[in-house]
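Chains as they are written, first to last, in my numbering: chain A, 1 to 741; chain B, 742 to 961; chain C, 962 to 1233.
Scroll down for the structure; my scribbles are underneath it.
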């Protein structure tokens, strides 16, 4: 039988007919379509037992309580903790992105030793034993050479067991150079030191105030404890409380307020004193408080009446006279008025004289330590530490002058002046800095004149970072000893962000540590023990967890059960007991020390002809600008009027844009005396002509590709201006130029 | 001339020699072959035969543990179903070898001691797009386990797991029968099978487009 | 429409967003992304390309300094009902990948049926739908944080806010387990509602007079669900989409902007 074309066709048609009568074509079609939906790179998350783990957020000082939803042993969602007094179930964009910090690509997965040059990003993974042995050896040698004081440390804050362990270590080791990341809270605390004579944190009973006068504070931009502020803002809407926002730019706070008072940049103190002037002139102040519980009113009153008349203040601030008078009267006659300061989120300390000026109108209205007013909250002192003994070397080291000049004759009240550190290192007046330890901070990015700070760090022979993330400071380090991420560790979380009573949260691990990281508390204890002698004796605990439980004592039970401890019985003392100054009363000023509530023009860096504009940074809830930088979810929600492609967008008034020949969306070059950057223009009617606003939190060069290389670091363009009164950085801006690209 | 004509005739004679037979024959061969392939060989090629990591004896456990299916397959407090027991559940009894079988020894050696979850092959696993909840069916709908899963509790051995090589799903989804015909729910459970019962019981028939079940009733 | 098995009245899940309280903080956007496995890319500054189910817009009153004012408007999917369940997007889908459920009022989106023609994206007047141009990438260990209750999408499909319907599914599951046949108001809340730190978002059953959303806006079902509360409004009301997301604002310029009022147009003159 010959097989020709016809028979082959017959065979094929028979085959086709038969196939059509089998399930094969239908099944294959169905299977192929299913196959096309099952690409192996589309993950199918595993199911598992659902549970919730409670912890405290540590990404900002706000102290929110968190519930983390777990599926099996995976953390899948962070949610706010219902019933927590700070956040009541709410959260913020940064807090909710926290899992991306835990599971993200910026994590340092093991101790890293630098190979190659600093900043090259080449690392060698080493074991913890090797890392700690190497560091201990270096520290021991310095100590033996009598150079213990040349070790400097930077930590996130003054309170909490980790910061205390650091301080304890530095003390018994023999170095006074312990610094903290500065903030407006430092200035407010100093105001209480000067005017109340107490060591306290400034708390605000905002929820009970009915007239809030904010001098540039970003009440819904992240000031204080952000979620608490959002809830307070909503509560004000319902209670009818009035919010007046004094700011050069229409921030979200200004837009949400009942009245926005645009003001010439940097003149807030003048306005505060102008209000004081009217309160004094029209006798609209609390005479009981002023006459019986204050000192120096007569002298101070003369200055205010002389120098801060409404006409003078109007010409300084650009706010018209009638508004000044009206606001002053509204403030003074409100039932529970409250004046707030600390620009934006409060990341920079600001001027002491300005903070004092704002505090005086609180004093005049008698809202000190009262419902709805300013509360001097005692600093968190919930831990009991065993005594420590300092040997000769330690004692010698501790009396040396600090590199940053804090506590010196010039700045006797300051505890830490990180803004002066770079200059101190460069000058190396008394001694150089040989080792820098950095924990919970990213000063190479966050310090104003960031490039200057980086140069100073270049001069320090040995830099150690305890960061969990490969941030800018870790990139400049010689050794990275990664801490567990907050979701992997125990730590007490003292909440001092403007709350009106002492409160401490507890961060608890929700997952086992993912990588070869170690709790920084454990590292300090181990380091101390390996140095031995008096240093080792000061750390009589096996590990951090034991230390935490012991020093917290009875509070540990409350904390581990509730996740929170608050002093519910706390009541601010009456005026009779509130003030511990030399006079025993509230002091309006301290002229001998040169501490006056006053308006002192900043003296912006740069000359007005080269740099005709004024550059001011602003804060956004969607852009973290501190130790933690935006995870991918957070940077994703940043508006395209702040970040476009790889360019930061700067905000200017359309009038200013026109005069400079710039158009909305077009590239431009922003220059300041500190540097220049390519930016894009965003024209916005809500900003004063002549002012340029730049968002904080962009311009990272480290971390991962979701954050690095986007925009400009505002800290690189703005430099610090030293406040002669406090030593802290009082700059709120700098002169700038904006030209076509 | 005559030879050409003769040749023509010869050719045409040849052509009338029942030429259709080979063609029909080829058709029949093709037809039959494709039927055999489609019905017989195709299913064998399509499905791979896999064994469960441990040959589990349900009947023995039902007897020993007592209770019904709920002893190991239960609802959690949030209403979710626990599914196949995890290692911790098995370890409540099997921390060490308690029986005589080689399979149990294998279980303890390879899974209990190294604390490794057993990678059970789930016959009823639906695609990721499917949302199935036991609670409305078992508790509100008062259905029994056997109604959908069959008499698996009486088995002494684990059934072979047949996996579709193209889709990666169990044979039980499309149907044990290659034509997708099934008598019982445990033989086939595609969308139409779920829908058939939902329509019959009038469950959430709120869809505007289809006048049948809303999509989110069974999908996520 | 057949009455549901075991359920009484049809539910109509909806949302009320108080624009006086909204601070523009962006928490709702992140909460939604974290809950629903929404993807992210390296450059998200081109907002037309990125995937966002909840988006917060910023509008201004157009006045010059210093009379400028701004308002933030969070915009999830409106779950439009149209006329009797004919949402604009549902009406045009050739694959029945999206559907309106009369029992809950939720517009579903099933990724396995969608073949990415994007007709629904053209139909939606609110730009609520987004398209996955690329396969999502979860770097490092971030696949671990994916929520198993929500399908993970691949490229080529359209996605949108689902009013966190998986939370409804699991709330009902719990109710069945506890031998109830219905859920309480607080048992089903969307992720954005839960996260909003200002308490600006309220979610619930618009058909239930005891639920907060009903009390806040008092919808008039005889007039396409229009709110009776004079401070409440819906976006693009006059298109007749009958959306289920209502907004509250004490500022008239915001209410006017919500329906594109022309300069001298009188308030309340729009709509069908």
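Glycine included, C-beta positions come from ideal geometry on N, C-alpha and C.
Reduced DSSP secondary structure (H/G/I, E/B, other) of residue 15 of chain A = Sequence index remark: in the first chain, residue 15 of chain A carries index 15 (1-based). Note: residue 15 of chain A maps to helix in three-state DSSP.
Over the uninterrupted beta strand (DSSP E) stretch that includes residue 270 of chain A, give me the two end residues.
-> As a working mapping, residue 270 of chain A is identified with position 270 in the first chain. Run containing residue 270 of chain A: none in the beta strand (DSSP E); it sits in the alpha helix (DSSP H), 268-281.
Can a CB atom of chain A be found closer than 8 Å to the CB of residue 828 of chain B?
-> Sequence index remark: in the second chain, residue 828 of chain B carries index 87 (1-based). Not one chain A Cβ lies under 8 Å of residue 828 of chain B.
What are the residues of the region 1003-1021 of chain C that lie near chain B, defined by any Cβ-Cβ distance shorter than 8 Å?
-> Of all residues in the region 1003-1021 of chain C, none has a Cβ within less than 8 Å of some Cβ in chain B.
Taking 8 Å as the CB-CB limit, is residue 962 of chain C close to chain B?
-> Taking the first residue of the third chain as position 1, residue 962 of chain C is located at position 1. Because the pLDDT of residue 962 of chain C is 37, which lies under 50, any placement of that residue in the model is unreliable, and the question is left without a value.
Ranges of the beta strand (DSSP E) found wholly within the region 654-681 of chain A, counting only runs of at least 3 | The qualifying runs are 667-672.
Quickly, what does DSSP pair residue 617 of chain A with across the bridge? List them, please.
-> Numbered from 1 along the first chain, position 617 holds the residue referred to as residue 617 of chain A. Residue 617 of chain A has A/694 as its beta-bridge partners, per DSSP.
Expressed to the nearest angstrom, what Euclidean distance is found between the alpha-carbon atoms of residue 381 of chain A and residue 540 of chain A?
-> Taking the first chain and counting its residues from 1, the one referred to as residue 381 of chain A is at position 381. Taking the first chain and counting its residues from 1, the one referred to as residue 540 of chain A is at position 540. Their backbone Cα atoms lie some 20 Å apart in a straight line.
The region 890-898 of chain B / the region 73-84 of chain A touching (three or more Cβ pairs under 8 Å) = They do not touch, by the three-pair rule.
My understanding is that residue 1109 of chain C touches residue 46 of chain A, with C-beta atoms under 8 Å, so please give their C-beta distance in whole angstroms.
-> To locate residue 1109 of chain C, count along the third chain from 1; it is residue 148. To locate residue 46 of chain A, count along the first chain from 1; it is residue 46. Contact holds; Cβ gap of about 6 Å.
Could you give the DSSP three-state label for residue 589 of chain A: helix, strand or coil?
-> Within the first chain, the letter at position 589 stands for residue 589 of chain A. Coil.
Taking Cβ to Cβ, would you say residue 983 of chain C is nearer than 8 Å to residue 1193 of chain C?
-> Here the question's residue 983 of chain C lines up with position 22 in the third chain. Here the question's residue 1193 of chain C lines up with position 232 in the third chain. The Cβ-Cβ distance between residue 983 of chain C and residue 1193 of chain C does not fall below 8 Å.
If residue 43 of chain A and residue 1107 of chain C are in contact, beta carbons under 8 Å, what's the gap, nearest whole angstrom?
-> Working through the first chain from its first residue, we reach residue 43 of chain A at position 43. Working through the third chain from its first residue, we reach residue 1107 of chain C at position 146. In this structure, residue 43 of chain A and residue 1107 of chain C form a Cβ contact; the two beta carbons are roughly 6 Å apart against a cut-off of 8 Å.
Opening and closing residue of the alpha helix (DSSP H) in which residue 936 of chain B lies = As a working note, residue 936 of chain B is residue 195 in the second chain. First-last of the alpha helix (DSSP H) with residue 936 of chain B: 932-942.
Please state whether DSSP places residue 1113 of chain C in a helix, a strand or coil.
-> Position 152 of the third chain, counted from the start, is the residue given in the question as residue 1113 of chain C. DSSP places residue 1113 of chain C in coil when its eight states are reduced to three.
Curious, which full-length alpha helix (DSSP H) runs of at least 4 residues does the region 1180-1216 of chain C contain?
-> You should have found no qualifying run.
List the endpoints of the continuous beta strand (DSSP E) containing residue 1032 of chain C.
-> For the purposes of this step, residue 1032 of chain C is taken as residue 71 along the third chain, with counting starting at 1. Taken as a continuous stretch (DSSP letters only), the beta strand (DSSP E) holding residue 1032 of chain C covers 1031-1036.
Which class does residue 357 of chain A belong to by DSSP, given the choice of helix, strand or coil?
-> If you number the first chain from 1, residue 357 of chain A lands on position 357. Residue 357 of chain A sits in a helix when the DSSP states are folded into three classes.
Alpha carbon to alpha carbon, how far is residue 663 of chain A from residue 1009 of chain C?
-> Counted from its first residue, the first chain places residue 663 of chain A at position 663. Counted from its first residue, the third chain places residue 1009 of chain C at position 48. Approximately 22 Å between the Cα atoms of the pair.
Checking contacts by CB at 8 Å: is residue 1047 of chain C closer than that to chain B?
-> One-based indexing of the third chain puts residue 1047 of chain C at position 86. Using beta-carbon distances, residue 1047 of chain C counts as an interface residue toward chain B, with a partner under 8 Å.
Leaving out the 5 sequence neighbours to the left and right, which residues in its chain are closer than 7 Å to residue 963 of chain C when beta-carbon positions are compared?
-> What you label residue 963 of chain C is simply residue 2 of the third chain in a count that begins at 1. Legend: pLDDT at residue 963 of chain C = 38, less than 50; position of this residue unreliable, no value from coordinates given.
Does residue 290 of chain A come within less than 8 Å of chain C when only Cβ atoms are used?
-> Residue mapping note: residue 290 of chain A aligns to position 290 of the first chain, counting from 1. No, its Cβ sits nowhere closer than 8 Å to a Cβ of chain C.
With burial defined as no fewer than 16 other Cβ atoms inside 10 Å of the residue's Cβ, what is the status of residue 1155 of chain C: buried or exposed?
-> Translated into positions along the third chain, residue 1155 of chain C becomes position 194. That one is buried.
Please confirm if residue 1119 of chain C has its CB atom under 8 Å from at least one CB of chain A.
-> If you number the third chain from 1, residue 1119 of chain C lands on position 158. So no, residue 1119 of chain C is outside the interface.
Element boundaries [alpha helix (DSSP H), containing residue 575 of chain A] = Position 575 of the first chain holds residue 575 of chain A. Per DSSP, residue 575 of chain A is one residue of the alpha helix (DSSP H) stretching across 575-578.
Cα-Cα separation between residue 1007 of chain C and residue 635 of chain A, rounded to whole angstroms | Residue 1007 of chain C sits at position 46 when you count from the first residue of the third chain. Residue 635 of chain A sits at position 635 when you count from the first residue of the first chain. Cα to Cα, residue 1007 of chain C sits roughly 12 Å from residue 635 of chain A.
Check each residue of the region 863-874 of chain B: if its Cβ is closer than 8 Å to any Cβ of chain C, include it; give the result in chain order.
-> Answer set for the region 863-874 of chain B: 868, 869, 870, 872 and 874.
Relative to the alpha-carbon of residue 1072 of chain C, which residue among C/1091, C/1085 and C/1104 has its alpha-carbon at the smallest distance?
-> Working through the third chain from its first residue, we reach residue 1072 of chain C at position 111. Of C/1091, C/1085 and C/1104, the residue nearest in Cα terms is C/1091.
Every unbroken beta strand (DSSP E) within the region 323-380 of chain A, with a cutoff of 3 residues, ordered by chain = The region 323-380 of chain A contains these whole beta strand (DSSP E) runs: 337-344 and 374-377.
Does DSSP put residue 984 of chain C in a helix, in a strand, or in coil?
-> Within the third chain, residue 984 of chain C is the residue found at index 23, counting from 1. Note: residue 984 of chain C maps to coil in three-state DSSP.
Can you tell me the Cα-Cα spacing of residue 226 of chain A and residue 80 of chain A, whole angstroms?
-> In the first chain, residue 226 of chain A corresponds to position 226, counting from 1. In the first chain, residue 80 of chain A corresponds to position 80, counting from 1. For residue 226 of chain A and residue 80 of chain A, the distance between alpha carbons rounds to 13 Å.
What are the start and end residues of the beta strand (DSSP E) that includes residue 647 of chain A?
-> Along the first chain, read from residue 1 onward, the residue named residue 647 of chain A stands at position 647. Under the DSSP assignment, residue 647 of chain A falls in the beta strand (DSSP E) whose first and last residues are 647-652.
Closest to residue 904 of chain B by CA distance: which of B/779, B/867, B/955 and B/844 is it?
-> For the purposes of this step, residue 904 of chain B is taken as residue 163 along the second chain, with counting starting at 1. Closest in alpha carbon position to residue 904 of chain B, among B/779, B/867, B/955 and B/844, is B/867.
For residue 769 of chain B, decide whether its Cβ has a neighbour in chain A, counting only Cβ atoms nearer than 8 Å.
-> Residue numbering aside, residue 769 of chain B sits at position 28 when the second chain is read from its first letter. Contact with chain A is found for residue 769 of chain B, since one of that chain's Cβ atoms lies less than 8 Å from the residue's Cβ.
At a Cβ cut of 9 Å, what residues of the region 1131-1159 of chain C count as close to chain A, listed as they run along the chain?
-> When C-beta distances to chain A are compared with 9 Å, the residues of the region 1131-1159 of chain C below that value are 1131, 1152, 1155, 1156, 1157, 1158 and 1159, in chain order.
DSSP state of residue 783 of chain B mapped onto helix, strand, coil = In the second chain, residue 783 of chain B corresponds to position 42, counting from 1. If DSSP states are grouped into helix, strand and coil, residue 783 of chain B belongs with the helices.
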